[in-house]
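Going down the list, the protein sequences come from chains A and B. Reminder that position 58 of the first sequence reads as 63 in the numbering used here, one-by-one numbering, no gaps. Reminder that position 32 of the second sequence reads as 37 in the numbering used here, one-by-one numbering, no gaps. Working notes for the structure below.
There are 2 protein chains.
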Amino acid sequence: MADVAEERRIVVAVDEGDESMYALTWCLKNFVSPNTENTFILLYVRPPPPIFNSLDGTGYLFAEDVVVSMEKYSQDLAESVMEKAKNIYKNFDNVKVEKKVGLGDARDVICEMVVKLGADVLVIGTHSYGFIKRTLLGSVSDYCARNAKCPVLIVKR
Amino acid sequence: MADVAEERRIVVAVDEGDESMYALTWCLKNFVSPNTENTFILLYVRPPPPIFNSLDGTGYLFAEDVVVSMEKYSQDLAESVMEKAKNIYKNFDNVKVEKKVGLGDARDVICEMVVKLGADVLVIGTHSYGFIKRTLLGSVSDYCARNAKCPVLIVKR
């Protein structure tokens with residue numbers, strides 16, 4: 006048999022949506038091979054904290070305690086997503102899991118991280134938005150499919 | 006261990022480009038699992054034959070022998086692509102291969118065929134066109150990633 010990959014680093018982009026948990030499940034069922042060391046790297050990207058100073062054009066200023074509580078909320082969200090993921094991957098053997106939390110625009114962070122993490126494949130769930138909503142919101146999966154420097158598996162529900 | 010897929014139907018879109026052969030190779034190395042029955046379905050889509058009649062606005066008419074020879078060329082191309090693919094997959098065990106040739110616009114045919122063939126995943130290579138070229142030419146992989154009714158694996162060189 007021709008050489009088959011013996012170690013794989015599979016980056017799975019996770020977020021609050023059920024789509025990403027479905028993508029993780031699909032991937033665990035379909036990408037795990039007993040003869041291969043599979044490292045699943047769960048990547049959650051937090052949006053950057055809002056930073057406004059008094060020179061900000063809007064003249065709008067977040068009180069420090071509001072910023073702190075938003076920051077706390079964002080951290081809690083990251084933890085809850087990882088917990089949700091754990092309830093899925095704990096049922097599978099032969100799987101090593103690493104967790105990474107990035108900060109910034111999800112599209113850019115994911116594309117940078119796949120390079121840094123040496124990903125063999127990026128797995129990403131996708132929302133079934135229609136044309137208008139996708140055009141307005143942009144799509145993380147569309148962007149990553151075009152720009153990530155590794156194969157990209159897009160899992161739709 | 007949670008239930009792992011035991012039979013998988015993997016549709017690989019193949020064409021004349023090296024990108025699709027690279028996608029097939031990547032997939033054979035990364036998607037084949039010894040405990041799973043993997044059926045790779047190679048799907049090649051031929052463009053529709055040009056049909057002009059005397060009422061055609063351009064007033065342009067293909068002689069019948071030209072149409073026949075274009076048709077023959079298109080069939081030969083399909084065979085040569087399948088032959089190229091064979092040189093790749095023959096090196097892998099535990100792989101069942103089926104070949105399908107479709108006719109029409111590649112984007113539509115691929116999306117229809119994944120449903121008809123009961124694909125578990127669609128694998129598609131991609132050209133690394135820039136923004137302008139992609140916008141002008143359209144991209145089969147972009148279209149399929151959005152519209153195919155199954156997970157889509159986009160393999161970039």
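Just so you know, even glycine gets a beta-carbon here, dropped at the ideal spot from N, CA and C. Note that the structure is a prediction, hence the values are computed from the model and not measured.
Candidates the options: which alpha carbon is nearest residue i's?
i	options	result
threonine 41/B	Asn99/B, Leu122/B, Asn152/B	Asn99/B
alanine 18/A	Arg162/A, Ser74/A, Val126/A	Val126/A
serine 79/B	Arg13/B, Val106/B, Val16/B	Val106/B
alanine 124/B	Ile93/B, Val86/B, Glu103/B, Lys91/B	Glu103/B
valine 50/A	Met87/A, Lys101/A, Asn152/A	Met87/A
tryptophan 31/A	Asn152/A, Phe97/A, Lys101/A	Phe97/A
Against chain A, does residue i count as a neighbour if the rule is that its beta carbon must be under 9 Å from one of theirs?
i	result
cysteine 155/B	yes
isoleucine 159/B	yes
valine 19/B	no
phenylalanine 45/B	no
serine 85/B	no
valine 126/B	yes
serine 79/B	no
serine 74/B	no
aspartate 70/B	no
Assuming residue i contacts residue j (C-beta within less than 8 Å), just tell me the rounded distance between them.
i	j	result
lysine 154/B	valine 119/B	6 Å
proline 156/A	isoleucine 46/B	19 Å between Cβ atoms; not a contact.
proline 54/A	glutamate 76/A	5 Å
Looking at the unbroken beta strand (DSSP E) that takes in residue i, where does it start and where does it end?
i	result
threonine 41/A	From DSSP, threonine 41/A is part of no beta strand (DSSP E); its letter is neither H nor E.
leucine 29/B	Per DSSP, leucine 29/B belongs to no beta strand (DSSP E); it is in the alpha helix (DSSP H), 23 to 36.
proline 127/A	Here residue 127/A turns out to be leucine, not proline, going by the sequence shown. That run of the beta strand (DSSP E) goes 126 to 131.
glutamate 103/A	100 to 108
glutamate 12/A	12 to 19
Is there at least one Cβ from chain B nearer than 9 Å to residue i's Cβ?
i	result
leucine 60/A	With a pLDDT of 49 at leucine 60/A, under the threshold of 50, the modelled position of that residue is not reliable, and no figure is offered here.
lysine 91/A	no
leucine 108/A	no
alanine 111/A	no
phenylalanine 151/A	Reading off the sequence, residue 151/A comes out as arginine, not phenylalanine. With 9 Å as the cut-off, arginine 151/A counts as an interface residue toward chain B.
arginine 13/A	yes
aspartate 23/A	no
valine 102/A	no
cysteine 116/A	no
Taking only the alpha-carbon atoms, compute the straight-line gap between residue i and residue j and give it to the nearest angstrom.
i	j	result
histidine 132/B	serine 25/B	9 Å
leucine 33/A	alanine 111/B	30 Å
alanine 150/A	aspartate 147/B	8 Å
aspartate 23/B	leucine 29/B	10 Å
cysteine 116/B	arginine 162/A	16 Å
asparagine 43/B	glutamate 12/A	20 Å
serine 144/B	glutamate 69/B	32 Å
leucine 48/B	valine 37/A	25 Å
glutamate 21/B	asparagine 92/B	14 Å
leucine 60/B	serine 74/B	For leucine 60/B, the predicted model reports a pLDDT of 49, less than 50, meaning its position is unreliable and no value from the coordinates is stated.
aspartate 81/B	valine 16/B	22 Å
valine 72/B	aspartate 113/A	49 Å
lysine 89/A	lysine 95/A	10 Å
leucine 122/A	glycine 109/A	17 Å
lysine 101/B	lysine 101/A	30 Å
asparagine 35/B	proline 52/B	30 Å
asparagine 152/A	tyrosine 27/B	18 Å
glycine 130/A	arginine 14/B	20 Å
For residue i, is the beta carbon positioned less than 8 Å from some heavy atom of the ligand ZN?
i	result
proline 53/B	Inclusion of the ligand ZN in the displayed structure is not the case, the ligand content being empty and no account of it being possible.
The alpha helix (DSSP H) spanning residue i covers which residue range?
i	result
arginine 162/B	It is not in any alpha helix (DSSP H) - arginine 162/B carries neither H nor E in the DSSP assignment.
glutamate 76/A	69 to 94
alanine 153/B	Looking at the DSSP string, alanine 153/B is not in any alpha helix (DSSP H), and its letter there is neither H nor E.
glutamate 117/B	111 to 121
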